[in-house]
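S.K.: Below is a structure I'd like to ask you about.
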Amino acid sequence: AAIPVPKGSCRSLCHRHQLFISFRDLGWHKWVIAPKGFMANYCHGDCPFSMTTYLNSSNYAFMQALMHAVDPNVPKAVCIPTKLSPISMLYQDNDENVVLRHYEDMVVDECGCG
Amino acid sequence: SRFQEYDLLQFLDLERAPSPHRFQPVPPVLRKIFQAREAAAAGGASQDLCYVKELGVRGNLLRLFPDHGFFLNTQEPSRDGPCLQKFLYFNLSAVKEKGKLTMARLTLDLGPRSYYHLRPEVVVSLFVVEERGVWGRPHPKPGRMLALQSVPGPQGPVHFNLQGVLKDWNGSGRKNLGLYLEILAKGDRYSGVNVQVENTCDRLMRSLHASLLVVTLNPEHCHPSSRKRR
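Sequence lines, in order, name chains A and B.
The numbering of the first sequence is my numbering, which starts it at 1 and goes up by one.
The numbering of the second sequence is my numbering, which starts it at 1001 and goes up by one.
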């Protein structure tokens, strides 16, 4: 039998939560030339079995959610990043040198159950 | 509010937050690369952050060092001698982190391109300084010649590859005592071009700008190149 979709609002389901770190708030605008800050998004929310079929989930998450529905001792699938992007920072160091540095996998673009 | 700034700085591979006294102008080459990366990230395009396509080298850390040197021939350029002699010095103490040096490019910007300064031809010669001066101001003694380049018109950027020199300075214990730059304007004595030579020398003294672009690749952040070796 189809398991009824939980009544909880979509807000409680796994999705990306946006969080912006402004360098001005850290006082870093005195040495970081660009950007003005970076997105420190995070993934959070529930991964119920009924949702795993289309919540941007992986196959094993579906199986894990199915097993959790059968045996609650099996942990639920969890909400994790499924797409990440890099950031570049242009800043000045203490020796008046201008530095351009790249950092991989810094920003969460998408989340899903994994 | 109890933001662990120290942890974030460490995470970004920075010992502490820099506190520069004044902002340097952003070099066009770095601004162009930064804007291309931002546009690619905004468009969701996947990018190899460990390859700088604008420069054709691998690397994930680019630094532009300003020149802290000074002119040596402050008196009027002698009629048949070099037009300009300059001691170039780049403070490379920041380049200490682990990483492979993949580019060290010296750029001499001879001034804006224009139709008025097409002549005379100039000859640029570059030496490593191997001995500090012995009196007063450290008037450096030019050592090994690194480059001798004729430039048709005294304008625009001239680039020199200094990767070997930096490897010497970093590796074999040779100290970084700076570089010695000499620019000769080739006037033709009989065609009255000397006036132009003097104007050129004056203009070069005013507009010459030297900088060193260093690119390093941090193997911890950059996995071996996924590109197939051709």
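Heads up, the beta-carbon is just placed ideally off N, CA and C, and yes, glycines get one too.
Just the C-alpha distance for B:Arg1189 and B:Gln1085, rounded to the nearest angstrom, thanks.
M.R.: A caution first: B:Arg1189 carries a pLDDT of 48, below 50, which makes its placement in the model unreliable, though a value can still be read off. Those two C-alpha atoms are separated by around 21 Å.
S.K.: So, using beta-carbon positions, are B:Pro1018 and A:Trp31 closer together than 8 Å?
M.R.: It is a contact, given that the beta carbons lie within the stated cut-off.
S.K.: Closest Cβ-Cβ distance between B:Tyr1190 and chain A: below 8 Å?
M.R.: Residue confidence is low: B:Tyr1190 scores 49 on pLDDT, short of 50, so the model does not pin down where it sits. Its coordinate-derived value is still stated next. With 8 Å as the cut-off, B:Tyr1190 does not count as an interface residue toward chain A.
S.K.: Using a cut-off of 7 Å between C-beta atoms, extract the partners of B:Val1026 located in chain A.
M.R.: Neighbours of B:Val1026 on chain A, chain order: Ile33, Leu90, Val98.
S.K.: Output the boundary residues of the beta strand (DSSP E) element that contains B:Phe1065.
M.R.: Segment 1061 to 1066, the beta strand (DSSP E) holding B:Phe1065.
S.K.: Should B:Lys1063 be labelled buried (16 or more other beta-carbon atoms within 10 Å of its own) or exposed?
M.R.: According to the sequence shown, residue 1063 of chain B is Arg rather than Lys. Classification of B:Arg1063: buried, given that the 10 Å Cβ count is 16 or more.
S.K.: Run the CB neighbour count on A:Tyr42, radius 10 Å, all protein chains shown included, and call it buried at 16 or more, exposed below.
M.R.: Its Cβ having fewer than 16 others within 10 Å, A:Tyr42 is exposed.
S.K.: Quick one: Cα of B:Leu1008 to Cα of B:Leu1184, how far?
M.R.: B:Leu1008 and B:Leu1184: Cα-Cα distance of roughly 50 Å.
S.K.: If you run the structure through DSSP and keep just helix, strand and coil, what is A:Gln64?
M.R.: Three-state result, A:Gln64: helix.
S.K.: Considering just the uninterrupted stretch of the beta strand (DSSP E) at A:Pro23, what are its terminal residues?
M.R.: Residue 23 of chain A is actually Phe in this sequence, not Pro. Where A:Phe23 is concerned, there is no enclosing beta strand (DSSP E), although the alpha helix (DSSP H) it sits in stretches over 23 to 26.
S.K.: In angstroms with no decimal places, state the Cα-to-Cα distance between A:Glu104 and B:Ala1036.
M.R.: So the two alpha carbons sit approximately 15 Å from each other.
S.K.: Ordered along the chain, which non-local residues of its own chain (more than five positions away) have a Cβ less than 6 Å from that of B:Ser1114?
M.R.: Excluding residues within five positions, none has a Cβ falling inside 6 Å.
S.K.: Helix, strand or coil for B:Gln1004? Go by DSSP, reduced to three states.
M.R.: In this structure, B:Gln1004 counts as coil in the three-state DSSP scheme.
S.K.: Please name the residue or residues paired with A:Lys83 in a DSSP beta bridge.
M.R.: A:Lys83 pairs with A:Glu110.
S.K.: If contact means a Cβ-Cβ distance below 7 Å, which residues of the segment 1055 to 1076 of chain B contact chain A?
M.R.: Cβ contacts with chain A: Asn1060, Leu1061, Leu1062, Arg1063, Leu1064, Phe1065, Pro1066.
S.K.: What are the boundary residues of the beta strand (DSSP E) that includes B:Leu1106?
M.R.: First-last of the beta strand (DSSP E) with B:Leu1106: 1100 to 1109.
S.K.: Flag A:Arg24 as yes if its beta-carbon sits less than 8 Å from any beta-carbon of chain B, otherwise no.
M.R.: False, the Cβ-Cβ gap to chain B never drops below 8 Å.
S.K.: Closer than 9 Å by beta-carbon distance: list the chain A residues that pair up with B:Phe1034, in chain order.
M.R.: Here the neighbours are Ile33, Ala34, Pro35, Ser88, Met89, Leu90, Leu100.
S.K.: By the three-class DSSP mapping on this structure, what secondary structure does A:Asn94 have?
M.R.: Coil at A:Asn94, not helix or strand.
S.K.: Out of B:Tyr1089, B:Glu1038, B:Val1122, state which residue places its alpha-carbon closest to the alpha-carbon of B:Pro1082.
M.R.: If we check each option's Cα against that of B:Pro1082, B:Val1122 comes out closest.
S.K.: Between the segment 1162 to 1179 of chain B and the segment 1040 to 1057 of chain B, do three or more beta carbon pairs fall short of 8 Å?
M.R.: Taking 8 Å as the limit for Cβ pairs, the verdict is that the segment 1040 to 1057 of chain B does not touch the segment 1162 to 1179 of chain B.
S.K.: Give the single residue among B:Leu1101, B:Gly1156, B:Phe1070, B:Ala1042 whose Cα lies nearest to the Cα of B:Val1057.
M.R.: Nearest C-alpha to B:Val1057: B:Leu1101.
S.K.: To the nearest angstrom, how far is the alpha carbon of A:Pro86 from that of B:Lys1032?
M.R.: Taking the straight line joining both Cα atoms gives about 17 Å.
S.K.: So, are the CB atoms of B:Val1214 and B:Phe1065 less than 8 Å apart?
M.R.: The answer is yes: Cβ separation under 8 Å.
S.K.: Nearest by alpha-carbon distance to B:Arg1206: which of B:Leu1108, B:Pro1020, B:Trp1169 is it?
M.R.: Taking only the C-alpha atoms, the option nearest B:Arg1206 is B:Leu1108.
S.K.: For B:Lys1141, tell me which candidate among B:Leu1148, B:Leu1126, B:Pro1152 has the shortest Cα-Cα distance.
M.R.: When each option's Cα is compared against that of B:Lys1141, the closest is B:Leu1126.
S.K.: How is B:His1021 classed by DSSP in three states: helix, strand or coil?
M.R.: In the structure shown, B:His1021 sits in coil (DSSP, three-state: anything other than H, G, I, E or B).
S.K.: Less than 7 Å between C-beta atoms, sequence neighbours within five positions excluded: which residues of the same chain meet that for A:Phe38?
M.R.: Closer than 7 Å at the Cβ level, and outside the excluded window around A:Phe38, lie Ile21, Ile87, Met106, Val107.
S.K.: Does the CB of B:Asn1091 have a neighbour CB from chain A at under 8 Å?
M.R.: Cβ-Cβ to chain A under 8 Å: yes for B:Asn1091.
S.K.: So, does the CB of A:Lys76 fall closer than 8 Å to a CB anywhere in chain B?
M.R.: Closer than 8 Å: no.
S.K.: Is there at least one Cβ from chain A nearer than 8 Å to B:His1221's Cβ?
M.R.: Yes, its Cβ sits closer than 8 Å to a Cβ of chain A.
S.K.: Less than 7 Å between the CB of A:Ala69 and some heavy atom of the ligand ATP, yes or no?
M.R.: With respect to the ligand ATP, the structure shown offers nothing to examine, as it has no ligands at all.
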